[in-house]
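Asker: So for the sequence shown, my numbering puts the first residue at 392; every next one is plus one. Before I ask anything, here is the structure I am working with.
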Amino acid sequence: MLRYSLNTKADKMYAIAIDVGSTYVRCGLINLKGKILYSFKMPSRDILSEGEIIALINAAVRKCAGAADGQILGVGIGFPGIVENNVILGGADNLPGFNHVDLGALIAASTGLNVVVDNDANMMAWGEMQFGSGKSCSDAVFLTVGAGIGGSAVINNKLYGGYRNKGMEFGHIIINFDGPDCSCGSRGCFEAYASIKALIRDYARLTGKAVSSLNGRIITHSYLSGEVAAAEVMERHLHYMAVGITSLINIFSPQKLIIGGGVADADGFYVQEISRRVAERAMPDTFSDSMIVHSQMGNEACLLGCASRVFSTPMLLQSNGNS
């Protein structure tokens, strides 16, 4: 097990942050000031089992711990799916297994460290609220766009996940009840239309290019270069992004709706085009005090949110009160 002294000075206290995705597992060593001192990523695209993912997380924690010159206060893990009290209940549609898996207990038993696990979008949202686009807000909605669409809401400075943390599945707002199949088992979901996976799928069908050779940035570059096929699929993507976001604005009326992942930072056009479309569709009063912005922290948002959750966990702070 990894063990550390409780007498370490505050400037030598760290959190290990883990962002679990279907393509990479990202890891960072972060200090109390929110500075990422060491980071790396490990590929997860070809992993076929739940056990392999758990082994990869353990390996990432140990590698990151090896770079620390002080005390590790704990591990924060952002995981796609429904998470309650560190247990993955399900919903990790792009990863194998993980139905009622006590991930927190498994990683704690392996490493000897305290562990905090939450939905990855919650961790990203918290990172943005503490360090990025949502720093001055009390009420915000965070939307992460990638292989799927995830989301989180902060209401009155608190993360809100619905009863037992099972809500906020923004990617599964129904856009068209008779639409394409979704990974959740339903049809016509927001992410089936507007995820980067859907953007790539549509572009591949139109151009005949292999899905494996494409990503959101390639399509965005082609769009900005004036390619007709890229323009067609990007317009469709922007349309459905605006449709889904309009619903979120009408429900939450947040100070900011923050978009992370995907091509949100692509030359500024992305957020501007979505904002224009939403302004045409949203109820005027619900949108009057809202702004749609891109994530300032990018890929670091989840890691910073994970670390912040570790640092703010009462039992961890109490255990180190004499440092």
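Every residue gets a Cβ at the ideal spot worked out from N, C-alpha and C, and that includes glycine. Small disclaimer: the values here were computed from a predicted structure and weren't measured.
Using a Cβ-Cβ cut-off of 7 Å (strictly less than) and excluding sequence neighbours within five positions of residue 451, which residues of its own chain qualify?
Answerer: Taking the first residue of the sequence shown as position 1, residue 451 is located at position 60. Cβ neighbours of residue 451 beyond the five flanking positions: 409, 416, 418 and 433.
Asker: Roughly how many angstroms lie between the CA atoms of residue 648 and residue 411, to the nearest whole one?
Answerer: In the sequence shown, residue 648 corresponds to position 257, counting from 1. In the sequence shown, residue 411 corresponds to position 20, counting from 1. The alpha-carbon atoms of residue 648 and residue 411 are separated by roughly 23 Å.
Asker: Please determine, among 460, 469, 429 and 459, the residue with the shortest C-alpha to C-alpha distance to residue 448.
Answerer: Counted from its first residue, the sequence shown places residue 448 at position 57. The candidate whose alpha carbon is nearest that of residue 448 is 469.
Asker: Under a three-way DSSP split, which group does residue 458 fall into?
Answerer: Working through the sequence shown from its first residue, we reach residue 458 at position 67. In the structure shown, residue 458 sits in coil (DSSP, three-state: anything other than H, G, I, E or B).
Asker: Have a look at the DSSP bridge pairing and note the partners of residue 434.
Answerer: Position 43 of the sequence shown holds residue 434. Answer is 415, bridged to residue 434.
Asker: Suppose the cutoff is 8 Å on Cβ atoms and the five residues either side in sequence are ignored; what does the same chain contact list for residue 591 look like?
Answerer: The count along the sequence shown starts at 1 and reaches residue 591 at position 200. Closer than 8 Å at the Cβ level, and outside the excluded window around residue 591, lie 602, 605, 606, 607 and 610.
Asker: Quick one: measure Cβ to Cβ for residue 405 and residue 421, integer angstroms, because I've assumed they're closer than 8 Å.
Answerer: Here residue 405 refers to the residue found at position 14 of the sequence shown. Here residue 421 refers to the residue found at position 30 of the sequence shown. Confirmed, about 6 Å.
Asker: Going by alpha carbons, who is nearest to residue 563 out of 528, 691 and 583?
Answerer: Stepping through the sequence shown from its first residue, residue 563 is reached at position 172. The shortest C-alpha separation from residue 563 is found at 583.
Asker: Would you mind reading off the limits of the alpha helix (DSSP H) that contains residue 590?
Answerer: Residue mapping note: residue 590 aligns to position 199 of the sequence shown, counting from 1. Where residue 590 is concerned, the enclosing alpha helix (DSSP H) stretches over 587 to 598.
Asker: Can you tell me the Cα-Cα spacing of residue 627 and residue 665, whole angstroms?
Answerer: Locating residue 627 in the sequence shown gives position 236, counting from the first residue. Locating residue 665 in the sequence shown gives position 274, counting from the first residue. Computed Cα separation, rounded: 11 Å.
Asker: Closer than 6 Å by C-beta to residue 719: which residues in its own chain qualify, once you throw out the five before and the five after it? Chain order, please.
Answerer: Examination of residue 719 is not possible in this model, given that the chain is present from 392 through 714 alone.
Asker: For residue 664, name the three-state secondary structure that DSSP assigns.
Answerer: Your numbering for residue 664 matches position 273 in the sequence shown. Three-state DSSP puts residue 664 in a helix.
Asker: What does DSSP give as the partner residue(s) for residue 535 in the beta ladder?
Answerer: Taking the first residue of the sequence shown as 1, we reach residue 535 at position 144. Beta-bridge pairing links residue 535 to 541 and 651.
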